[in-house]
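First the structure, in the form of structure tokens, and then the observations on it.
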Amino acid sequence: FDIILPVGIELETDENESSKVVMSDRNDASHTVMVEQIEDKLPSGTKRNRYRFICLSALNAPIKGTGGRLLGIPLITDADMEPGVYEARLENIIFTQQDGTENELLTRDFNITLTEAPDFILGDANGDGSITVSDIVSVINYIMYRTEGNFNKEAADVNYDGGINVSDVVKIVNLIMNK
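Residue 1 is where the sequence shown starts when you use our numbering, and the numbers rise one by one after that.
In structure tokens form, the structure reads like this:
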């Protein structure tokens, strides 16, 4: 599939210019995702940020389940972008079944809402300015009803599900391990 982002919004990359797109836990270890930025200009000459995604399984393994997130696609914005609603689009969405049958989905327009940046670091549950094992301990203490000192519930809700649980602990461990 292709994702088309407005000018000023791009796919986040690491220091090697590799995308930070991750597969969800609905995919086993045989699945991988490849992403490439493609030159894209409208007839008017306006440039767009188009990225082509190819997700595949070398073992022809199916995706688990029938609902939920398949990919995590982190985005970054230009520093001067104003908060607001921006239009984006998914195109060329094709799912291929194990028998080779292709199913093409309709183009999907969607909105990206930019808000003011939060005044905390996601995963920094104890508010000390960095993500460390201390944040894991803080979240576990919160879950066990032993909250002490500074505890930032918004920063601790790393999976954005509105609650604080073991899933958030796992996500913080992953943030620490991927530094």
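Ideal Cβ positions, reconstructed from N, Cα and C, are used throughout, including at glycine.
- Asp-109 sits in a strand when the DSSP states are folded into three classes.
- Excluding residues up to 5 positions away in sequence, Ala-125, Asn-126, Ser-138 and Tyr-142 lie with their Cβ nearer than 7 Å to the Cβ of Phe-151 in the same chain.
- If the five residues before and after Asp-157 are omitted, its C-beta is found closer than 8 Å to the C-beta atoms of Gly-163, Ile-164 and Asp-168, all from its own chain and listed in chain order.
- In its chain, beyond the 5 residues on either side, Arg-89, Leu-90 and Glu-91 have a beta carbon closer than 7 Å to the beta carbon of Thr-107.
- Under the DSSP assignment, Ser-57 falls in the beta strand (DSSP E) whose first and last residues are 49-57.
- The three-state reading of DSSP puts Tyr-145 in coil, since its state is none of H, G, I, E or B.
- For Ser-18, the closest of Leu-75, Ser-44, Ile-4 and Phe-1 by C-alpha to C-alpha distance is Leu-75.
- The beta carbon of Met-81 sits closer than 8 Å to the beta carbons of Gly-8, Ile-9 and Leu-114 from its chain, once the five residues preceding and following it are set aside; these are given in chain order.
- Taking all protein chains shown into account, Gly-67 has fewer than 16 neighbouring C-beta atoms within 10 Å of its C-beta and is therefore exposed.
- By the criterion of at least three beta-carbon pairs nearer than 8 Å, the stretch 27-36 is in contact with the stretch 52-72.
- If you draw a straight line from the Cα of Glu-15 to the Cα of Ile-73, it is about 17 Å long.
- Taking C-beta atoms as the reference points, Phe-120 and Glu-154 count as a pair closer than 8 Å.
- Only residues of its own chain outside the window of five on either side were considered, and among them Ile-4, Lys-47, Arg-48, Asn-49 and Arg-50 have a CB closer than 8 Å to the CB of Asp-40, listed in chain order.
- For Asn-174, the enclosing alpha helix (DSSP H) starts and ends at 166-177.
- Restricting attention to Thr-101, Asn-159, Pro-118 and Met-177, the CA atom closest to the CA of Val-133 is found in Met-177.
- For Ile-76, the pairing in a beta bridge is given by DSSP as Glu-10.
- With contacts defined as CB atoms closer than 8 Å, Asn-103 and Tyr-86 fail to qualify as a contacting pair.
- In this structure, Gly-123 lies near Ile-172, with their beta-carbon atoms less than 8 Å apart.
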